[in-house]
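Input: a single structure, listed below in C-alpha cells.
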Amino acid sequence: MDAIIQAFELVFTWPVMTTILGAALFGLLVGAVPGLTATMATALLVPLTFFMDPIPAVGAMVTCAAMAIFAGDIPGALLRIPGTPASAAYTHEAYAMTRKGEAETALGACVLFSAIGGLFGTAVLIFAAPTLAEFALNFSSQEYFWMAMLGLTCSAFIGSPSPIKGLVSLLIGLLVATVGLNNAAGVPRFTFGSTDLMAGIDFIPAMIGLFAVSEVFRTVAAGAPAWDNVQVKVGNIFRNWGGMVVTYWRQQLRGNVTGTAIGILPGAGADVAAYVSYAVSRRFSKTPEKYGTGHLEGVVEATSSNNASLSSAWVPALVFGIPGDTITAIVIGVLYVKGLNPGPTLFIFNPQLIYAVFLIFLLANLLMIPLGWLVIKLARGLLRTPRSILMPIILIFCIVGAFASNNAVYGIIIMLVFGILGFFMEENEIPIAPCILGIVIGPILEHNFITTMIKSDGSFITFVDRPIAAVLAVGLFLIWASVLYRAFQSRGAAAS
Amino acid sequence: MRFSDTMLGAMLLILGIAVTAYARTLPAVPGQQYGAAAFPTLIGVGFVCCALILLVQGLKARSVPLVSFTEWTRQPGALVAVGVTILCIVAYMLLARRVGFIPVSVAILVVLFRLLSVSWGKTIFFAVAATLVTDYVFRSLLLVPLPFGMMPRMPW
Numbered sequence: 000m001d002a003i004i005q006a007f008e009l010v011f012t013w014p015v016m017t018t019i020l021g022a023a024l025f026g027l028l029v030g031a032v033p034g035l036t037a038t039m040a041t042a043l044l045v046p047l048t049f050f051m052d053p054i055p056a057v058g059a060m061v062t063c064a065a066m067a068i069f070a071g072d073i074p075g076a077l078l079r080i081p082g083t084p085a086s087a088a089y090t091h092e093a094y095a096m097t098r099k100g101e102a103e104t105a106l107g108a109c110v111l112f113s114a115i116g117g118l119f120g121t122a123v124l125i126f127a128a129p130t131l132a133e134f135a136l137n138f139s140s141q142e143y144f145w146m147a148m149l150g151l152t153c154s155a156f157i158g159s160p161s162p163i164k165g166l167v168s169l170l171i172g173l174l175v176a177t178v179g180l181n182n183a184a185g186v187p188r189f190t191f192g193s194t195d196l197m198a199g200i201d202f203i204p205a206m207i208g209l210f211a212v213s214e215v216f217r218t219v220a221a222g223a224p225a226w227d228n229v230q231v232k233v234g235n236i237f238r239n240w241g242g243m244v245v246t247y248w249r250q251q252l253r254g255n256v257t258g259t260a261i262g263i264l265p266g267a268g269a270d271v272a273a274y275v276s277y278a279v280s281r282r283f284s285k286t287p288e289k290y291g292t293g294h295l296e297g298v299v300e301a302t303s304s305n306n307a308s309l310s311s312a313w314v315p316a317l318v319f320g321i322p323g324d325t326i327t328a329i330v331i332g333v334l335y336v337k338g339l340n341p342g343p344t345l346f347i348f349n350p351q352l353i354y355a356v357f358l359i360f361l362l363a364n365l366l367m368i369p370l371g372w373l374v375i376k377l378a379r380g381l382l383r384t385p386r387s388i389l390m391p392i393i394l395i396f397c398i399v400g401a402f403a404s405n406n407a408v409y410g411i412i413i414m415l416v417f418g419i420l421g422f423f424m425e426e427n428e429i430p431i432a433p434c435i436l437g438i439v440i441g442p443i444l445e446h447n448f449i450t451t452m453i454k455s456d457g458s459f460i461t462f463v464d465r466p467i468a469a470v471l472a473v474g475l476f477l478i479w480a481s482v483l484y485r486a487f488q489s490r491g492a493a494a495s
Numbered sequence: 000m001r002f003s004d005t006m007l008g009a010m011l012l013i014l015g016i017a018v019t020a021y022a023r024t025l026p027a028v029p030g031q032q033y034g035a036a037a038f039p040t041l042i043g044v045g046f047v048c049c050a051l052i053l054l055v056q057g058l059k060a061r062s063v064p065l066v067s068f069t070e071w072t073r074q075p076g077a078l079v080a081v082g083v084t085i086l087c088i089v090a091y092m093l094l095a096r097r098v099g100f101i102p103v104s105v106a107i108l109v110v111l112f113r114l115l116s117v118s119w120g121k122t123i124f125f126a127v128a129a130t131l132v133t134d135y136v137f138r139s140l141l142l143v144p145l146p147f148g149m150m151p152r153m154p155w
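Encoded structure:
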C-alpha cells in the first residue's frame, strides 16, 4: 500500500503533470502528421528525457506514444493517409466513412475505442505484470535465451510481408549489436581501431537515423508534395457514444483481447495488432460484405486493438527486459540510462516506480478524450502545415538530438549512417522494426547464450532440461514450423 | 533506388562471408568452446543463407534489372535533393565546431527550404526562428553544449 501512495506522490507533482501534458500534445501533433510515426515521436523525445528524472521521462514516453497511435487515425480518416502504420489497417474504411459524410462518427469511435482499448491493456498490465514478475524470478539464463529468441522470431516473421527480408533486417540489427567491447569475452569486435566504436553503436542516434532521418530523405526526394486540401467539416464527435458502446461491445472486447495478446508477445506491436483485429472482425462479422464501404464495425475492432497492444507491450518490457515492440525497445534503452534496469527485480526493489508507470498509463488514456477532441478540431489547420517547412526543421532536431546523446559528433555520424541505411531498407521493402529489435535484444541473446554454455560446459541439453525453458522452446519451434509450412504452402499454390 | 533479389542476394553474400571471415580472427576464450566469435559467425552464416535464398529467387525471376529506379527517383532532382540533404549533415559535422551551431543551422535550413521551393520570406523567417528556438531549448533548458564557434552566446 505504501508503494501505491508513494506512486501517487511521484506522479501528481507539477513537473510530472506538465511534462505529461506537453508530451501528450507533442505525440498528438506528430501522430497526426502523415509519415511521422509513433516510434519516431518517441525517438525524438529521447534526447529530452536525458535531462529529466526517471518518472517524468517514462511518463513522457508513455503518453506520447499512446497519443501518437490514436492521432494516426485522424489523417487516415480525413485524407486516407495513415498518420502511423498502426492505423493503416483501417484507413481505407475510415476514409470511406468520411466520404459518406460520417467523419465525426469515425473519429469519435477512434477516440472512444482507443481510450477504452488503452485502459483495457493497462488493466492487463497492472494485473499480469507483477504476477509474471514473481514467476520470472525463477528464470535463469536458459529461459531468458528462449524469451529473446521468441522476441526475435516474432519481430522477423509476424506481420512482415516477406519473412526472408524480415530476417535480413533482423540480422543487420544483430550485427550492429555485436560492435564494441561489450561481450562476454571482452574482445573488441568490428571496431577497426576506432575508440568510439569500442563502446558499441549508440542506440539512440541509430533510432533517430532509422526512423526520422530516413523519412526526411524520402520527403525531400519526393519534393515535399502538399497534401490534398481537407474540405471535410467534422461535427460533434461525441454523438452517439453510448449507442456505439452498446452496439459494438463484442467487437470492442475482441479487439481489446486480441490487441493485448499480440502486445504481450515480445516483438509484435500495434500495427500487427490492428491488421489481425481488422481481419478477425471481418471473418466473424454478420455483414462481411459491408467491409471496405465505410462500415464502422472493423474500425472499432482495429482501433480498440492497436491501443490495447501499446499498453500490454510493456508487460515483457518491464518484466523480462525484452521489448514488446519498437516503442518499448526505445523505452528500455532509456530505462537503462536512468538506472532502472527492467526485469523482475524492478518490481521488488522499486515497486513505487512501477505503480507510477501504471498511473501514468491510466492518466494518458483518460487525457486522450479531451485532447483528442481538441486535435480533431485543429486537424484542418494541422494538415495544412506544409511538409516543406516541417521536414528541414525535423532534420535540425535530429542532428541536435543525436549530438545530445553523448555530446559528440560521433552521434551525428551514427545518425547519418543509419538514416541512409533506413532509407535504403525502405526502398527495398526491408522492414525496419526487426532491425531495431535485433539491436536491443541481440546483447541479451548473446549474453544468455554464452552464460548458459559456460554453466553447462558446452552441452546444449541445458537449454531444454528446465521445464519453463522446454515449454518456451517447444512454442518457438511451433512458430518456426508454421512459418515454414506457410512458405511451402504459398509456393505450392504459386506453382500450381 | 531498388535492388533486385539477385543484386541484394549478391551483396548480402559478400557481407556474410566477410563477417564470418572476420569473426574467425577473433581470439577464443581459453578453456571455453564459445567466446566472442560464436555470435558474429552465426550472424554471418545467417546472412549467407538469406543471400542464397534471395539469389535463387532472383535467378528464377530473371527478367528484373539488377538495379531499378523507383517511381520517385525518376523525378528530376530527387537524387540531387537526397544528396544535398546528406551533404548538409556532413557540413554540420565538419563546420559546427569552428563556426558555431547558430550560423550552420541557419545555413542548412536556408538550403533545404530553398531546395523544397519555400518562398524567400518564409525561408528566412523559419530558418532563424527554428534555429533560435532549438538553441534556447537545447542549450539553455537541456544544457546540451552546442558549439558556439565564432558566435557570441545568445542573451539566454
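Protein chains in written order, with numbering that gives the first Met the number 0: chain S, 0 to 495; chain Z, 0 to 155.
Cβ coordinates follow ideal geometry from the N, Cα and C atoms, glycine included.
Under the rule that a run must span 3 or more residues, no beta strand (DSSP E) segment is found entirely inside the region 424–480 of chain S. Leu86(Z) counts as exposed, since fewer than 16 other C-beta atoms from the protein chains shown sit within 10 angstroms of its C-beta.
In summary, the residues of the region 34–51 of chain Z whose CB is separated from some CB of chain S by less than 8 Å are Gly34, Ala35, Ala37, Phe38, Pro39, Ile42, Gly45, Phe46 and Cys49, in the order they occur in the chain. The beta carbon of Ser387(S) falls within 8 Å of a beta carbon belonging to chain Z, placing the residue at that interface. A distance of 8 Å or more separates the beta carbons of Ile393(S) and Ala176(S). DSSP places Pro39(Z) inside the alpha helix (DSSP H), whose first and last residues are Ala37 to Ala60. For the region 194–274 of chain S, the continuous alpha helix (DSSP H) assignments of 4+ residues that do not extend past its boundaries occur at 194–197, 202–206, 213–220, 240–246 and 248–263, in sequence order.
Here the alpha carbons of Ile329(S) and Asp201(S) stand approximately 12 Å from one another.
Around the beta carbon of Ile460(S), fewer than 16 other beta carbons sit within 10 angstroms, so the residue counts as exposed. For Lys59(Z), no chain S residue has a Cβ inside 7 Å of its Cβ, as the nearest lies near 11 Å away.
Here Leu358(S) is buried: its Cβ has 16 or more other Cβ atoms, across all protein chains shown, within 10 Å. At a cut-off of 4 residues, the continuous stretches assigned as alpha helix (DSSP H) that sit fully inside the region 58–124 of chain Z are 77–98 and 100–114. In this structure, the straight-line span from the alpha carbon of Val408(S) to that of Pro14(S) is close to 31 Å. The beta carbon of Gly117(S) sits closer than 6 Å to the beta carbons of Ala65, Asn306, Ser310 and Asn364 from its chain, once the five residues preceding and following it are set aside; these are given in chain order. For Thr177(S), the nearest beta carbon of chain Z is closer than 8 Å to its own beta carbon. For Ser139(Z), the closest Cβ of chain S is not nearer than 8 Å.
When Cβ-Cβ separations below 8 Å define contact, Arg1(Z) makes contact with chain S. Within the region 280–358 of chain S, complete alpha helix (DSSP H) segments of at least 4 residues are found at 295–311, 313–319, 325–336 and 343–348, given in chain order. Taking Ala114(S) as the centre and dropping the five residues before and after it, the same chain places the C-beta of Asn364, Met367 and Ile368 closer than 6 Å to its C-beta, in chain order.
The beta-carbon of Met146(S) is placed no less than 8 Å from the nearest beta-carbon of chain Z. The DSSP-derived three-state label of Phe189(S) is coil.
Close CB contacts of Thr122(Z) within its chain, under the 8 Å cut and outside five residues either way in sequence, are with Leu108, Val109, Phe112 and Arg113 (chain order). Straight across, the Cα-Cα distance linking Pro433(S) with Ala22(Z) is about 23 Å. Bounds of the alpha helix (DSSP H) holding Ala128(S) are Ala102 to Ala135.
Exclusion of the five residues before and after Gln141(S) leaves Thr451, Thr461, Phe462, Arg465 and Ala468 as the residues of its chain whose Cβ lies within less than 7 Å of its Cβ. At a C-beta separation below 9 Å, Ile85(Z) has these neighbours in chain S: Phe216, Leu415, Gly418 and Ile419.
In this structure Lys164(S) is buried. Its beta-carbon is surrounded by 16 or more other beta-carbon atoms within 10 angstroms.
By the beta-carbon neighbour count (other beta carbons within 10 angstroms, threshold 16), Glu70(Z) is exposed. In this structure Gly293(S) touches Lys99(S) by the C-beta definition: roughly 5 Å separates them, less than 8 Å. Between the C-alpha atoms of Ala135(S) and Phe319(S) there is a straight-line separation of about 7 Å. Tyr484(S) sits exposed, since fewer than 16 C-beta atoms from the chains shown fall within 10 Å of its C-beta. Pro204(S) sits close to Ser404(S), with the two beta carbons spaced by under 8 Å. For Pro391(S), the enclosing alpha helix (DSSP H) begins and ends at Arg386 to Ala403. Separation of Pro81(S) and His91(S) (C-alpha to C-alpha, rounded to the nearest whole angstrom) is 9 Å. In this structure, the alpha-carbon of Gly254(S) lies about 52 Å from that of Gly192(S). Here Arg138(Z) has Leu145 as same chain residues with Cβ atoms under 6 Å from its own Cβ, once five neighbours each way along the sequence are excluded.
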